[in-house]
Structures are given as structure tokens and as C-alpha cells.
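Per my numbering, numbering of the sequence shown is gapless, rising by one per residue and ending at 432.
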Amino acid sequence: MSDEKYIFSAGAKKNILITFVAGLVLAAIGVVMMNMGGHDAHGTEAAADAGHHGFHWTQRLYANLWINNLFFTGLAAIGIFFIAIQYVAQAGWSVGLKRIPMAMASWLPIGAVLMILVFLFGSHDLFHWTHESVYAEEGGDEILIGKAGYFFAPFENGGFPFFYFLRMVVFFGVWYLLFTQIRKQMLAEDIDGGVTSWKKNVTLSAIFLVFFGYSSSIAAWDWVMSIDPHWFSTMFGWYVFASWWVSGLALIAFIAVLLKDKGYLKIVNANHLHDIGKFIWGFSIFWTYIWFSQFLLIYYANIPEETIYFVERWRSDQYSVYFFLNLILNFFLPFLLLLPRDAKRHSRFLKVVPPIILFGHWIDFYLMVTPGTLKENGGFGLLEVGLIMVYASAFVYTVLHSLAKHPLVAKNHPMMEETLHHHI
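Have a look at this one:
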């Protein structure tokens with residue numbers, strides 16, 4: 009059982025490649041349609057009607073690249089977070105699942121490179137605060153001038169955002185460094201047995217959790233909240249984390265049930281699926297709690313500089329459908345579909361709910377990014393669908409390639425007996 013190894017077949021690789029190429033083609037067609045005045049060009053027409061003659065299709069491209077970078081980087085980071093939680097909590101139920109989040113985390117260096125490149129080339133299209141004109145002594149933006157030190161220190165306002173960029177590099181660097189050390193001990197455990205590697209991972213995981221607790225919140229402020237630089241929420245770090253976390257849980261469950269259908273993960277049974285299903289159900293409610301608290305406290309206060317964030321999303325003809333779709337996909341459907349006990353124990357439900365949640369939280373990040381970057385020029389068309397396919401296929405290839413490199417289940421894990429006899 010512990011010698012199980014996933015075989016990444018040529019057929020699976022071919023299907024992933026087809027999806028990747030099809031995504032590129034659809035994205036290219038979307039760009040052509042925007043430039044030719046087709047269905048995907050409504051944003052350009054809106055800009056012309058509003059007198060915003062500076063809009064260019066590359067702005068929408070950068071916005072979509074940023075959305076996908078945020079979403080898939082979050083899945084990778086949650087892979088490490090899930091593993092770290094299991095070690096610190098000394099959990100035994102999850103022994104058969106931990107190689108899945110380990111494979112998810114292998115996307116992290118790729119995500120880091122993509123995030124850095126998109127920021128370097130597209131920061132002016134994504135972030136209003138990167139424009140030098142807003143820091144002018146006369147006619148500048150007083151609010152952004154007051155926040156300039158957070159982005160640019162120690163260099164002059166309006167120059168390269170050194171402090172912002174340094175935080176991005178440090179966060180990715182520390183996350184990946186700790187992940188490589190945790191993975192090293194996980195694999196060493198397969199060979200050496202005992203509890204030495206396990207104890208080292210408890211320590212490494214505790215360090216990661218403390219660092220991630222702070223860095224993930226700051227990353228949420230930097231990478232998402234600063235898109236709307238005049239608006240802020242003290243709950244935003246938790247909000248982004250909740251979206252990442254429930255998406256990561258959904259992906260772990262989805263991969264687990266698909267592997268079981270292929271005859272793998274014999275160690276994982278209905279009791280383990282029940283546990284991961286409970287987590288998905290519970291944290292879908294947690295995400296909704298954060299969403300509603302943020303919405304209620306800001307919107308009910310009726311402070312114009314704060315409520316504009318929701319006005320742009322809720323009352324906009326362009327984004328209102330996604331505003332309500334976000335709640336349906338991320339709360340109502342998971343809550344109702346996973347409410348019965350049996351639903352959390354059978355693969356047929358865990359093949360349906362996780363994809364809904366994953367797409368739903370992509371929509372969540374779409375709503376966080378697009379209205380602030382593109383205003384009335386945003387849209388959802390072939391460009392968006394194509395880039396989702398490109399990123400998803402690249403991410404899936406990376407995960408499956410990583411899964412195939414190591415045994416699917418940890419050998420010599422000190423809590424193997426506990427997971428074998430786990431029953432709820």
C-alpha cells in the first residue's frame with residue numbers, strides 16, 4: 009500500500025497539452041475580437057463612450073494574468089499550509105493525503121516567476137499608485153503621497169517600488185525555502201523511519217505557519233487591496249486567505265477522489281473523505297462569514313470612500329452578475345450539496361462540489377481585481393476562458409509530474425496506524 013506510485017501516462021500528458029494549446033488559441037482569438045470590435049470588445053467601446061481613450065487590450069491581458077497568478081499561487085501556498093497544519097496539529101487522519109498538497113506546492117517557484125514578471129511589465133496597468141503623476145507636489149494625490157513610504161521606501165516616490173518588490177521576493181523566497189526543507193524531511197522519513205524527520209517537520213511547520221500568518225496578509229494588501237489604493241479593509245488579509253484556503257481544500261479532495269477512481273490511494277477511505285469534506289463545508293461558511301462581515305460593516309456605514317468598492321461591484325451592470333454568482337458558487341451550492349453526512353463520504357459529490365468551488369473562487373479573485381484595474385473596460389470572454397485553460401493545464405501538469413516522482417503515500421510515517429484505523 010505504501011509503495012503506490014502514480015504513473016503520469018502519455019495520454020494524460022497529451023490531453024493537458026491539447027488543453028494548453030486550445031487555451032492559447034482561445035485567448036488569441038479573444039484579443040483579435042477585442043481589436044476588431046467583436047463580442048469581447050465591449051470594454052473598448054465603453055471606454056470610447058466614456059472618453060477613456062487610453063484603454064488598450066494589453067491592460068485586460070495583464071489583469072487576467074494577475075488574477076490567474078493570484079489564484080494558482082494561492083493554491084500552491086495552501087499546499088504548504090495544509091502540510092504544516094497537519095504536522096503542528098500532530099494529525100494522523102491526513103497521512104494518506106499529504107502527498108497531494110506537496111505536489112500542489114511544486115507550482116510555487118513557477119508562480120513566483122510569473123508574478124514577478126507580470127508585475128515588472130504590467131504594474132502601470134494594474135496599480136494606480138505606480139504612476140509618478142500621483143506623487144506630484146502640486147495636483148498630486150494626498151492619500152497616495154501619505155502611503156508612498158509603504159510602497160517605495162527607501163527610494164523617491166514615483167520611482168521603482170523597491171519596498172513592495174522586496175516584500176514580494178522575500179515572501180516567495182521564504183515560502184519556497186521552508187517548503188523545500190519540509191519536503192526534504194517528508195521524503196527522508198520514507199527511507200529512515202522513526203520520528204526524527206517528523207519532529208524536524210513539526211518545528212519547520214511551526215516556523216512556516218507563523219511567517220505565513222503575517223506574510224499572507226501583507227501579500228493580500230500588496231497584491232490585491234492596493235489595486236484600489238483609496239480603499240482598505242482590516243479584514244482583507246483574512247478574506248483572501250479564506251478564499252485561498254477553501255480552494256486548496258477543494259483541490260486536495262478533488263485530486264484524491266480522481267486518484268481513487270484510478271485505483272490509487274487505497275489507504276484513503278470514506279472516513280478520510282468525510283474529514284476533508286467537513287473542512288470544505290465549514291470553511292465555505294467561514295469565507296461567507298468574512299465576506300458578509302466585510303460587506304456589512306463597510307456598506308452599512310455608508311462612508312462614500314469605503315462603499316465605492318461595493319458600488320462598483322454590486323450596482324454595476326457589468327459586474328453585478330458576478331457579484332451574486334460569487335455567493336451562489338462559493339456559499340449556497342457548497343453549503344447545500346455537502347450538508348448531508350453521506351455527501352461528504354461519497355466521491356460522486358466530491359467530484360461535483362470542488363470544481364464548483366474552484367471556479368467560484370476564481371470569480372472571487374476576478375471581482376477583487378477587474379473592477380479596480382479595468383473599471384468599465386472589464387469583461388468575461390474568450391480571453392478569460394483561454395487564460396484559465398492555459399494556467400490550469402500548466403498547473404495540473406506540474407502537480408501530476410510532482411506526484412509521479414515520489415510514492416503517493418508516506419512510508420514509515422509514525423502515525424500510519426492511526427490513519428489506517430481512522431473512523432468517524
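All C-beta atoms in this analysis are idealised placements derived from N, C-alpha and C, irrespective of residue type, glycine included.
Just to confirm, is the Cβ distance from residue i to residue j under 8 Å?
| i | j | result |
| --- | --- | --- |
| Phe244 | Trp229 | yes |
| Arg175 | Ile118 | no |
| Tyr14 | Leu281 | no |
| Trp295 | Val361 | no |
| Gly31 | Leu395 | yes |
| Trp101 | Asp283 | yes |
| Ser292 | Asn338 | yes |
| Phe437 | Phe388 | Only positions 9 to 432 of the chain appear in this structure, which leaves residue 437 out of reach. |
| Tyr95 | Ser223 | no |
| Tyr184 | Ala120 | yes |
| Ala35 | Glu197 | no |
| Leu122 | Leu259 | no |
| Ala18 | Leu408 | no |
| Trp239 | Ile298 | no |
| Leu186 | Ile215 | yes |
| Phe434 | Trp137 | With the chain covering 9 to 432 only, the question about residue 434 has no answer from this structure. |
| Thr315 | Tyr307 | yes |
| Gly38 | Leu267 | no |
| Ile371 | Tyr405 | no |
When burial is assigned at 16 or more other CB atoms within 10 Å of the CB, is residue i buried or exposed?
| i | result |
| --- | --- |
| Gly51 | Summary for Gly51: the model assigns pLDDT 47, below 50, so the residue's position carries little reliability; its value from the coordinates is reported in the next sentence. Buried, since its Cβ has 16 or more Cβ neighbours within 10 Å. |
| Asp57 | Low confidence applies to Asp57: its pLDDT is 40, below 50, so where it sits in the model is not reliable enough to give any reading. |
| His429 | exposed |
| Gly256 | buried |
| Pro363 | exposed |
| Gly368 | buried |
| Phe170 | exposed |
| Phe357 | buried |
| Asp350 | exposed |
| Ile24 | buried |
| His154 | Residue 154 is actually Gly in this sequence, not His. Its Cβ having fewer than 16 others within 10 Å, Gly154 is exposed. |
| Pro109 | buried |
| Pro379 | buried |
| Lys22 | exposed |
| Asn310 | exposed |
| Leu416 | buried |
| Ala261 | buried |
| Met397 | buried |
| Ser313 | Per the sequence shown, residue 313 should be read as Glu rather than Ser. Classification for Glu313: exposed. |
| Arg321 | buried |
| Ala97 | exposed |
| Arg68 | buried |
| Phe89 | buried |
| Ile26 | exposed |
Output the boundary residues of the alpha helix (DSSP H) element that contains residue i.
| i | result |
| --- | --- |
| His282 | Ala278 to Tyr307 |
| Lys359 | Segment: none, Lys359 is in no alpha helix (DSSP H) and carries neither H nor E. |
| Tyr222 | Thr204 to Trp231 |
| Ser234 | Premise fails: Ser234 is in no alpha helix (DSSP H) and is neither H nor E. |
| Lys106 | Premise fails: Lys106 is in no alpha helix (DSSP H) and is neither H nor E. |
| Thr242 | Thr242 -> no alpha helix (DSSP H), and no H or E assigned at all. |
| Ser410 | Leu390 to Lys413 |
| Gly271 | No alpha helix (DSSP H) holds Gly271; DSSP gives it neither H nor E. |
| Asp198 | Phe170 to Asp200 |
| Phe339 | Run containing Phe339: none; DSSP gives neither H nor E here. |
| Asn76 | Trp65 to Val96 |
| Lys21 | Ala18 to Met44 |
| Phe154 | Looking at the sequence shown, residue 154 is not Phe but Gly. Element bounds for Gly154: Glu150 to Phe160. |
| Gly129 | It should be pointed out that residue 129 corresponds to Phe in this sequence rather than to Gly. Unbroken alpha helix (DSSP H) run through Phe129: Leu116 to Leu134. |
| Trp137 | First-last for Trp137: undefined, no H or E at that position. |
| Pro312 | Pro312 to Trp322 |
| Leu428 | Met424 to Leu428 |
In angstroms with no decimal places, state the Cα-to-Cα distance between residue i and residue j.
| i | j | result |
| --- | --- | --- |
| His354 | Pro237 | 45 Å |
| Phe63 | Thr381 | 11 Å |
| Ala156 | His421 | 49 Å |
| Gly285 | Ile86 | 16 Å |
| Ile190 | Trp206 | 9 Å |
| Ala250 | Leu116 | 19 Å |
| Leu134 | Pro342 | 32 Å |
| Val142 | Gly148 | 5 Å |
| Glu12 | Trp289 | 29 Å |
| Lys413 | Val203 | 23 Å |
| Ala144 | Leu152 | 10 Å |
| Ile275 | Gly104 | 6 Å |
| Lys359 | Ala278 | 14 Å |
| Ala92 | Val40 | 45 Å |
| Trp65 | Leu347 | 43 Å |
| Ser401 | Ser114 | 14 Å |
| Met424 | Ile199 | 15 Å |
Less than 7 Å separating the Cβ of residue i from some heavy atom of the ligand MG?
| i | result |
| --- | --- |
| Trp229 | Summarising the ligand content, the structure contains no ligands, and the ligand MG is consequently not present. |
At the 8 Å Cβ level, is residue i part of the contact set with chain B, yes or no?
| i | result |
| --- | --- |
| Phe216 | Among the chains in the structure shown there is no chain B, since it carries only a single protein chain. |
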